[in-house]
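Encoded as structure tokens, the structure appears first; notes follow it.
Protein chains in written order, with the numbering used here: chain R, 1 to 281; chain B, 1001 to 1285.
Take a look at the structure:
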């Protein structure tokens, strides 16, 4: 009898150890990725790498300044296009919890969220690049804004759901028109959650390469015109990584380091906001 | 009014996406029809297009990745959902998994290209396979690493939803923790865990950059798990920028299939998760 219980306890111990082991083995890749990016990336990064343009192969030096500017421009473009629409749709969903249109929108958000980024790239190509007959920053921005939309809508809806109903009732009872209630009461009380959502969606698109392959395309030179091809950090990493030159490989590591720091900072910042300004009622 | 408009815009957007893909793929659909899915040759010089190699490539890489990732993701979900619900260890593991989810796909590709690929090549020379380095196995490994966070976070949520009185009842009968997990938690959370794995599968099918960099870009039917291949997403990434006419149309046909498959997988997964969480919220009240 006692032996039986002992066997069960041993089995329990073995299982616990196995769970812990597997859980921590899966951290090994993360450690290796961060280690190699830091090791190989830090060496490359200096003033010249951050603030000069790529040079043709054969000339040493050069940097990724245009790619950094391009990434920033793409982020700004896609924010301009997706934030107003995303927040408005989120408000609609939280105001109309039930109803045919709301359920359809929720379904569409789920589908959009799961759509592979490469398919969105093709869509932006067909909508913008093919009619304008040139790769452009604008098309890249459109592709990325389609990817941002579902995240913004979802977080806005989730945040506004938490706001108590009596807040809105009190405002309406004072005779404040509906649209002012939304703009001045509902939105400000949910602003932290919405900001978190926006930052998370920006973090999501910062590293996206697939939709940019045939929209923003990449550019060796500095470009500020949104109707011309533009460079971006993830595209530059891809381009350098697939090239046969060791010097470009080390540039790819350097650019990766910048990109990882950027996305992690955005994620941390988003988390910080949601913790610090948590909605409390 | 503006709210309804932007809500409706999302619906219109999705339909426009579908309609655009369909319209652009129509030339290829007319030409090849359903034979597209069983054709083995993909040759733009003779304009014969069959997507079977890419379908096989996508299926092999995503299911192999799923197979590799399942033990790890379930271990993480049990670890975070049952053994260490809070505390420093749990916070550490959870944030580490979130960081893993936040790393861009192209960086996984870069890392795989310079570290995983030589390792796989070494393994291949050890066991006597042709030492390509790149191929289905390498892509599956990197995909597995990329999808662990998704199924793990959903699995954790579902496991924490298991009602406490069920577990307590089992403990009071003298069950060990392993028996509680095996007989109470896993059966109760099964559908949710499966839904999480399904959503991870959706990610794996649509994942482009890391796979494109590691799959070896070969348009022939793969012969083994170490042979180079192409997935549906990677062939689009590799060829679409230079494609015109019927080639472009066929690539968009592939994109349409990809869109359709991921949509179905996602809807089923999300539906199951919603059902699970509604049921458990009913039981609490």
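The beta carbon of each residue, even a glycine, is placed where N, CA and C say it ideally should be.
- Taking a contact to require three or more Cβ pairs closer than 8 Å, the segment 183-196 of chain R and the segment 55-73 of chain R do not qualify as touching.
- In this structure, residue 1211 of chain B places its C-beta atom within 8 Å of the C-beta atom of residue 1143 of chain B.
- Here residue 1165 of chain B carries a helix assignment [DSSP, helix/strand/coil].
- Assignment of residue 230 of chain R by DSSP, reduced to helix, strand and coil, places it in the strand class.
- A Cβ-Cβ separation of about 28 Å leaves residue 222 of chain R out of contact with residue 122 of chain R under the 8 Å criterion.
- For residue 11 of chain R, the closest C-alpha among the options B/1206, B/1182, B/1089 is that of B/1182.
- At a cut-off of 8 Å, the C-beta of residue 161 of chain R has no neighbouring C-beta in chain B.
- Neighbours of residue 1266 of chain B in chain R, taken as residues whose beta carbon is under 9 Å from its own, are 110, 111, 113, 114, 115 in chain order.
- Residue ranges of uninterrupted alpha helix (DSSP H) with 4 or more members, entirely inside the segment 184-247 of chain R and ordered along the chain, are 191-206, 233-242.
- When only Cα atoms are considered, residue 1068 of chain B and residue 1133 of chain B end up about 18 Å apart.
- Taking a Cβ-Cβ cut-off of 9 Å, the neighbours of residue 1177 of chain B in chain R comprise 12, 15, 16, given in sequence order.
- A straight-line Cα-Cα distance of about 7 Å links residue 1101 of chain B and residue 1146 of chain B.
- Between the segment 101-113 of chain R and the segment 1214-1221 of chain B there are fewer than three C-beta pairs closer than 8 Å, too few to call the two in contact.
- The continuous stretches of alpha helix (DSSP H) do not include residue 1183 of chain B, and DSSP gives it neither H nor E.
- Secondary structure within the segment 85-171 of chain R: the alpha helix (DSSP H) runs of 4 or more consecutive residues, fully enclosed, are 100-114, 117-124, 137-161 (chain order).
- For a Cβ distance threshold of 7 Å, residue set 1102 of chain B lies close to residue 203 of chain R, ordered along the chain.
- Neighbours of residue 19 of chain R in chain B, taken as residues at a C-beta separation under 7 Å, are given in chain order as 1075, 1078, 1079, 1083.
- Between residue 29 of chain R and the set B/1121, B/1047, B/1111, the nearest pair of CA atoms involves B/1111.
- By the Cβ-count criterion, residue 1172 of chain B is exposed, with fewer than 16 other Cβ atoms from all chains shown falling within 10 Å of its own Cβ.
- Only buried fits residue 231 of chain R, as 16 or more other CB atoms lie within 10 angstroms of its CB.
- Under the three-state reduction of DSSP output, residue 1263 of chain B falls in the helix class.
- As the crow flies, the alpha-carbon of residue 18 of chain R is around 36 Å from that of residue 196 of chain R.
- With respect to the C-alpha of residue 1047 of chain B, the residue from B/1249, B/1265, B/1085 having the closest C-alpha is B/1249.
- Nearest Cα to residue 1116 of chain B within the set B/1139, B/1104, B/1126: B/1139.
- For residue 269 of chain R, the CB contacts under 7 Å within the same chain, skipping 5 residues up- and downstream, are 199 in chain order.
- Between residue 92 of chain R and residue 1003 of chain B, the beta carbon gap of about 4 Å places them in contact (Cβ cut-off 8 Å).
- Less than 8 Å separates the beta-carbon of residue 40 of chain R from that of residue 253 of chain R.
- Here the alpha carbons of residue 1176 of chain B and residue 174 of chain R stand approximately 60 Å from one another.
- Per the C-alpha coordinates, the member of B/1022, B/1240, B/1055, B/1105 positioned closest to residue 1231 of chain B is B/1055.
- The beta-carbon separation of residue 249 of chain R and residue 235 of chain R, rounded to 16 Å, does not stay under the 8 Å limit for a contact.
- In the displayed model, residue 1015 of chain B falls within a helix according to three-state DSSP.
- Neighbours of residue 126 of chain R in chain B, taken as residues whose beta carbon is under 9 Å from its own, are 1020, 1021, 1023, 1024, 1252 in chain order.
- Neighbours of residue 1111 of chain B in chain R, taken as residues whose beta carbon is under 7 Å from its own, are 33, 36 in chain order.
- DSSP places residue 179 of chain R inside the alpha helix (DSSP H), whose first and last residues are 178-181.
- Neighbourhood of residue 152 of chain R in chain B, by CB distance below 8 Å: empty, with the nearest CB roughly 11 Å away.
- Proximity of residue 8 of chain R to chain B, defined by a Cβ-Cβ separation below 8 Å, is satisfied.
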